[in-house]
């Protein structure tokens, strides 16, 4: 199988899981809109789906999920309410995603879904709820001063990153050549732009600076707050002076806000959702205090002190690599949003117009204009000439991006790295060069970042990416005017990309120096590089590499070339062959530094020990965080369902041969053979049970799709429904479970349409306004019962009789002879429906007969129980599995037949004279009741002259009740493997399949319901 096809299959499997999770969680969110845990689960599923889709180049899925995340993020921050309009939009997104994933499963990379119109709806909805000011979460937009000249339209700037949307540019000089051989020329060496950034207000934090990674400096601050708390015990007043509020409280809150945002980002990177939620709540709390949305009082001061303490503990634990998850369970922090809401309500109840004037004064004069100079000559164009030429040929514009970090940001390298990853992960862009490089950022903290970036997307989209970078003073992109002389680069090697490391300057002793590049079109560059290094490590020891092995393993997408220093006893041809077998690897260059085998062995051994030591050290450092995850991963493995089916067929053959050995042992009556067959029986039975259990899947696999079905159908019918699922952990064979979705959908929709009444009718009947619908699974021995139960109006037998006569399905005399239970079962007649008119939900009479036919084809049965005015209950009786079943073997003439044991009630022996004819129907007296009987030979249209006085009657259960089958001989009980019938035998009524007996003979399995 092609490597890309493997990734596609893996994506499909994970996408289906995420879509199922989204479906279930969205229904739960609509029922519990205040539950932030559900929102986080939805957000996580959408985010993971977006990342997987972008990695494999499914940009349409990535774009839709990205905008879906915007809605979820605003819901999470309380900016957009959860109402029917929002939920309908989210479900519309989900339906579109399901269609897109289905198209990918069919091998189509393009989509027929008009996802762009859905994105437009999302944008309009955001404008509606956010007052037309769609902004980044946690950032407040600052207005543009009215005095700005029309010739210089300044940008909308927010507090996190002052990025100009439109600026006036001043260029210096005309076209200037800066390269040798005139390979390229720059139209301008420098560009100057003017932007407006927001001034810091009361945030001079030189004396009391709060560090995200070391909050020990907060001790003085905490002591002041503690002191103020003690004072407030004596005199509670909202006046800050009487509360002894620290003079630099705004500085403290500003730093707390920034630190909480940083800790939130770190928590997300460490996949600690509870901790991430807690730090985000602290961020919202400090923002509310800073924005004067709540008044300062004793409770607020105590909460500030509590938040500082929690942040201090988190930061120290992260720094010391200690357990931090426990800090996400603090009750005070978990209730912080409610605390803020109460304080806001208290504040709003006594609004002072003077405060509004103060806020307006703060806004005025909040901007200052600065000039930024872009020096385009800092980049190495000659080394990146091939990349630039290729991107320009692909209609990409070349941009110079310049960013400056906020002075008080404590994780500058992290912020710059996140910006680089965002740019590189965009399918329309490619980073040509960054100063500093991503490796430099890991070692040294920088204040500025310059990026040479090729981008084929719109300027607005690039602007949006830059605006999403946190804690930037500004982040601005300008076009670089560059012309490339393609004639001068024809002979240049493609191995000219900067590796951003200094391995060439190191004295590294090794056998081989290897260098190779990765196809620029490769969607999974880090995966390809990892595959090469993994293959090499199997034949030798990797001394060093650039990029580092950890960076490659982490999935860094900014990898175009790899350089490896390698020790091995293998020859150069073997090394090259090892590299070549990985797809999408180009320009392989292997240089041998090998002196002698003994040296190679020694170096290899030493380096292996070194690698083991490094690996051991890393595992010890990460043990606390990854031990559980690794343990969990080792517990499961994905297996293709076709392999399980093949394994099941092999087990079936073992069962057939086991029966053969049993017959041989009985025939020859050898003690040793009996013992061997006994052990074989025990082992084969255990093997059979294990394989069958591997095929068992919880019914939740099907049940979890019905909350959405109930939700949509109830809304279409304008009914209120409480839907309850029970027993979803019960397991069924995959073959049976796959066929259940359609019958259950029919039954649930019928209950909603025909069974449960509208709210007004229920109120008149003194019932709860909301109807109750239950989907229940229970286990009974070797069968599973699935129950669909409602508290609706029930099924009226007289109404059924009238409808049957009206539709001409039966005569009035025939229906009058039926009992109420028999009349109710007439709903399974083809073409019958109780609906007065045809609707989108029901009324065509093709539902219930389809349900019974499908269930009976699975070896099950359907029963209905109903009481007028109280509700109905439909029960599906299903076998656990259809692969290997217990049967009763019987004989008719020379042919052996198998009756499913689940349908057999009893076997009796009667004299031929005891069979009586009652109005054309033969019957016997069975346990003081009349039991209709039929000759099996007549049912199978065979001739059989029964001259024996004593005959066997097998009492079986059919969908119409009990009946006795008259046959020649009962052989006994046996376990058989079901083989499906094909060809002309497939459509013969009364036959469910065939099996091979132990002696090699073929026995037909009877379908009693259709006999």
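Numbering (the numbering used here), first residue to last: 621 to 1631. Every residue gets a Cβ at the ideal spot worked out from N, C-alpha and C, and that includes glycine.
Item, Value
"Beta carbon of residue 1419 nearer than 8 Å to that of residue 1339", "no"
"The region 636 to 650 contacting the region 1323 to 1335, beta-carbon criterion three pairs below 8 Å", "yes"
"Inter-residue Cα distance where the pair is residue 1136 and residue 1181", "6 Å"
"Straight-line Cα distance separating residue 1044 from residue 1079", "16 Å"
"Neighbourhood of residue 933 by C-beta, 7 Å cutoff - its chain only, sequence neighbours within 5 removed", "947"
"Helix, strand or coil at residue 980 [DSSP, three-state]", "Legend: pLDDT at residue 980 = 46, less than 50; position of this residue unreliable, value from coordinates given subsequently. Of the three classes helix, strand and coil, the one that applies to residue 980 here is helix, per DSSP."
"Residue 1190, enclosing alpha helix (DSSP H) - first and last residue", "No alpha helix (DSSP H) holds residue 1190; DSSP gives it neither H nor E."
"The region 1528 to 1547 in contact with the region 1618 to 1626 per 3-pair CB rule at 8 Å", "no"
"Close Cβ partners of residue 1198 (< 7 Å) along its chain, the five nearest in sequence each way excluded", "1155, 1156 and 1159"
"Beta-carbon contacts of residue 1026 that lie in its chain and below 6 Å, excluding the five residues immediately before and after", "1091 and 1093"
"Residue from 1363, 1347, 1379 and 1356 with nearest C-alpha to residue 1395", "1347"
"Residue 1287 to residue 1560 span [Cα, whole Å]", "32 Å"
"C-beta contact flag for residue 810 and residue 993 at 8 Å", "yes"
"Pick from 892, 1363, 920 and 1500 that is closest to residue 1400, judged by C-alpha positions", "1500"
"Cβ-Cβ separation, residue 1471 to residue 1549 (assumed contact under 8 Å), whole Å", "Incorrect: roughly 30 Å between the Cβ atoms, too far for contact."
"Where residue 1075 falls: helix, strand or coil (DSSP)", "strand"
"Anticipated Cβ contact below 8 Å, residue 592 with residue 1350, distance rounded", "Outside the displayed span of the chain (621 to 1631) sits residue 592, for which this structure offers no information."
"Beta strand (DSSP E) segments (min. 3 residues) lying fully within the region 1386 to 1447", "1391 to 1400 and 1403 to 1410"
"Residue environment, residue 1558, which counts as buried when at least 16 other CB atoms sit within 10 Å", "exposed"
"For residue 1304 and residue 1257, believed in contact at Cβ under 8 Å, the rounded distance", "At roughly 24 Å, the Cβ-Cβ gap does not stay under 8 Å, so residue 1257 and residue 1304 are not in contact."
"Three-state secondary structure (DSSP) of residue 1046", "coil"
"CA nearest to the CA of residue 719, picked from 705, 635 and 740", "635"
"Cα-Cα separation, residue 1269 to residue 1630", "27 Å"
"For residue 1478, the first and last residue of its enclosing alpha helix (DSSP H)", "Element bounds for residue 1478: n/a, residue is neither H nor E."
"Contact the region 1500 to 1517 vs the region 1592 to 1606: 3+ CB pairs below 8 Å", "yes"
"Residues that residue 1316 bridges to, as DSSP identifies them", "1353"
"Proximity below 8 Å, CB of residue 742 to CB of residue 714", "no"
"Per DSSP, cross-strand counterpart(s) of residue 1622", "1616"
"Through-space distance from residue 1290 to residue 632, alpha-carbon basis", "55 Å"
"Buried or exposed (CB count within 10 angstroms, at least 16 for buried), residue 1372", "buried"
"Three-state secondary structure (DSSP) of residue 916", "coil"
"Within 8 Å, strictly: CB atoms of residue 1484 and residue 1494", "yes"
"Among 1442, 1429 and 1434, the one whose alpha carbon lies nearest that of residue 1450", "1429"
"Beta-bridge pairing of residue 1020 - partner residues as DSSP gives them", "1072 and 1098"
"Simplified DSSP state of residue 1493, which is helix, strand or coil", "strand"
"Cβ-based burial, residue 1315 [other Cβ within 10 Å; buried from 16]", "buried"
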